[in-house]
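There are 2 protein chains.
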Amino acid sequence: MFIYFALMARPKGSNAEITGPRIRAAALRLFARDGYAAVSMRQIAAEVGVQVGALYLYTSDKQTLLFDLLDGHMRDLIAAYDAQPLPGDPIDQTAHFVRFHIRRNLEHPAAVFLSYMELRNLTPENFAVIEALRRGYEDRLARILADGQASGQFAVADVRLATMAIIAMLNGVNTWFRDGGRLTRSEVEEIHWDMIRKALAA
Amino acid sequence: MFIYFALMARPKGSNAEITGPRIRAAALRLFARDGYAAVSMRQIAAEVGVQVGALYLYTSDKQTLLFDLLDGHMRDLIAAYDAQPLPGDPIDQTAHFVRFHIRRNLEHPAAVFLSYMELRNLTPENFAVIEALRRGYEDRLARILADGQASGQFAVADVRLATMAIIAMLNGVNTWFRDGGRLTRSEVEEIHWDMIRKALAA
DNA sequence: GTCTATAAGGTGATAGAC
DNA sequence: GTCTATCACCTTATAGAC
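Residue numbers (this note's numbering), protein chains in the order written: chain A, 43 to 244; chain B, 43 to 244.
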């Protein structure tokens, strides 16, 4: 009953419960496609189907809209990673990280794209928050590599460099992968893990 | 004598020979720092020290300014790569590519940053030109990997994926490397080559 | 070759009507 | 909760003076 009401076509009237999420979804789509600076509040409003004034009932300003998208994406990413059981062995942990990262990035291409394209459009305060979250995620991989190094299973010249190199490699997938192409998502995960396994091996 | 004249401070008058390059340099700096959409022609003019109308003597519009920067960067990159003698062995060729790419990217951080951040602000026609150049550069690495695969020196599950993965990894260096940090440029080149060598090895 | 002035239109954000 | 109207300002690009 409530759902039916919420889904009714209503060009006018109150939509409090769903307008907020719809604004964020529209902003994500448009920011990812055209870039934060190139998208106007009027365009976002048009995408949602409201007038521009209504946007300011749900966000204090355009900057906060961007920050909320990036902040939500990073927190969801870390929460999803931490919710999965971690294997006991560093090699298995690395394989798990590689597969998780590729799979998750391919499931959220717009948010991933925003998260590394629009960092410079954050205020310094907001940037610091996002950078700390990003660093926290990277640290989870760095810890795994350090453990493998300590156990003698890995032989990397520099753990921090290897961490950055692996994440950069994995992020690259989103720039070229297309469903229905030559390789499946699973194949992409496995081929990357195979290359990384060899690169890290003692 | 000519050089002295060209370097004199002249708030008014003709500067034809140097104003064009100065406009491009200012645009590169500002586009890289703030993003194409966020930078106005007035800002570029102010950076050069002319009024906005003067810009249009050297570029037909803002879009062309961006395109010329990306086009010049890609052509210079490919010309610099092709100007160097290529070793005879696929393993040595790959090592050469890795070192060249890291070194060159660190020497041109603003142009590299523009080249993967502002592709979406190109018109479709301009985008197609830049993409073809980018693809041509990637093909040079792909050819090397295919040769190594054919000779049995490399064992990669997919040459095109390995090409994209290696370039993504190498491009990542520009996001974190700082001179005077824990590692030198040479060390970063060698550690990456060591990881890539192992990842490709038969 | 460069300047000033201008055209035509877009910007983020807010006030007050309903 | 949403709309309309508005503010003060910025945008790209061009015309014509010098």
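In this text, a Cβ means the ideal position worked out from N, Cα and C, and glycines have one as well.
Keep in mind the model is a prediction, meaning the values are calculated, not measured.
- Cβ-Cβ distances below 6 angstroms link residue 241/A to nothing in the same chain once the five nearest sequence neighbours on each side are left out.
- Chain B has no Cβ within less than 7 angstroms of the Cβ of residue 186/A.
- Taking every protein chain shown into account, the CB of residue 65/B has 16 or more other CB atoms within 10 angstroms, so this residue is buried.
- Contact of residue 235/B with chain A is not assigned, every C-beta pair being separated by 7 angstroms or more.
- By the beta-carbon neighbour count (other beta carbons within 10 angstroms, threshold 16), residue 93/B is exposed.
- Annotation for residue 160/A: 73, 77, 78, 108, 112 place their beta carbon closer than 8 angstroms to its own, counting only its chain and skipping 5 residues before and after.
- Note that the stretch 94–105 of chain A does not touch the stretch 134–142 of chain A; fewer than 3 beta-carbon pairs, one per stretch, sit closer than 8 angstroms.
- Counting along the chain, residue 160/A sits inside no alpha helix (DSSP H), nor does DSSP assign it H or E at all.
- When Cβ-Cβ separations below 7 angstroms define contact, residue 104/B makes no contact with chain A.
- Rounded to whole angstroms, the gap between the alpha carbons of residue 136/A and residue 81/A is 39 angstroms.
- Boundaries for residue 196/A: no alpha helix (DSSP H) harbours it, and the DSSP string shows neither H nor E there.
- When rounded, the separation of the alpha-carbon atoms in residue 91/A and residue 60/A is 12 angstroms.
- Note that the C-beta distance between residue 71/B and residue 148/B is not below 7 angstroms.
- Within the stretch 119–162 of chain A, the complete alpha helix (DSSP H) segments at least 4 residues long are 132–149, 151–159, listed from N- to C-terminus.
- Sorting 199/A, 195/A, 177/A by C-alpha distance to the C-alpha of residue 239/A places 195/A at the top.
- Counted as a single uninterrupted DSSP element, the alpha helix (DSSP H) harbouring residue 205/B occupies residues 201–218.
- Contact check between the stretch 171–180 of chain A and the stretch 182–198 of chain B: fewer than three CB pairs, one atom from each, fall below 8 angstroms, which does not count as touching.
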